[in-house]
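Undergrad:
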Amino acid sequence: GVVLVPTTRGLSRKHIVEGTQTGFPALKTGSGYRSSVDLIITEAWAVVQRLDLLGPIVEQPEYNLLSRHKVESEFLPLYSNYGLGLTTWSPLSSGVLTGKYNKKVIPSDSRFALENYKVTPALTPLTVDDFLGDA
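Be aware that the sequence shown starts at 1, since it is given in UniProt numbering, and climbs by one per residue.
Next up, the structure:
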């Protein structure tokens, strides 16, 4: 079974995802767990309705010009089906939309320069031009 210690439970996204992966083996696919937030919230609502509990009422997705898909597509059914509300974060895409990284140089006083905010090659800061091309 699963051993619960104080650091393996709670209501953070991390714990909900881990709990869902452990508690809902039917979500496992050939390529791993399907961990989309909309599916997790839908499954959570099925459980809370069955147990007559209060369900999730808010999600906190990233939402900005460069990251819109979850809010504008994936979560659409959740708004009407469950009355889900949003508290979004990163409206400036971690500073990318400010132009701070336009020269592809990471300023020493920026979050990307922080030791615990390592930028992987896949997450290298991009400019709006990288997304929009030479429009």
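Idealized CB from N, CA, C, for every residue including glycine. Note that the structure is predicted; figures quoted are calculated from it, not measured.
1. Pick helix, strand or coil for E43, following the three-state DSSP scheme.
2. If you compare alpha carbons, which of S108, Y63 and I41 is closest to L97?
3. For L86 versus P56, is the C-beta spacing smaller than 8 angstroms?
4. Can you look up E74 in the DSSP assignment and give me helix, strand or coil?
5. Taking all protein chains shown into account, do 16 or more other C-beta atoms lie within 10 angstroms of the C-beta of E115, making it buried, or fewer, making it exposed?
6. Quick one, are the C-beta atoms of G95 and S110 less than 8 angstroms apart?
7. Name, in chain order, the residues that DSSP records as bridge partners for S67.
8. Considering only their Cβ atoms, is the gap separating E74 from D38 smaller than 8 angstroms?
TA: So, from the data block:
1. Reduced to three states, the DSSP call for E43 is helix.
2. Of S108, Y63 and I41, the residue nearest in Cα terms is Y63.
3. No, they are not a contact pair.
4. Three-state DSSP puts E74 in a helix.
5. Flag for E115 reads exposed.
6. For G95 and S110, yes; Cβs fall inside 8 angstroms.
7. Here S67 is bridged, per DSSP, to N64.
8. With a cutoff of 8 angstroms on beta-carbon distance, D38 and E74 are scored as near each other.
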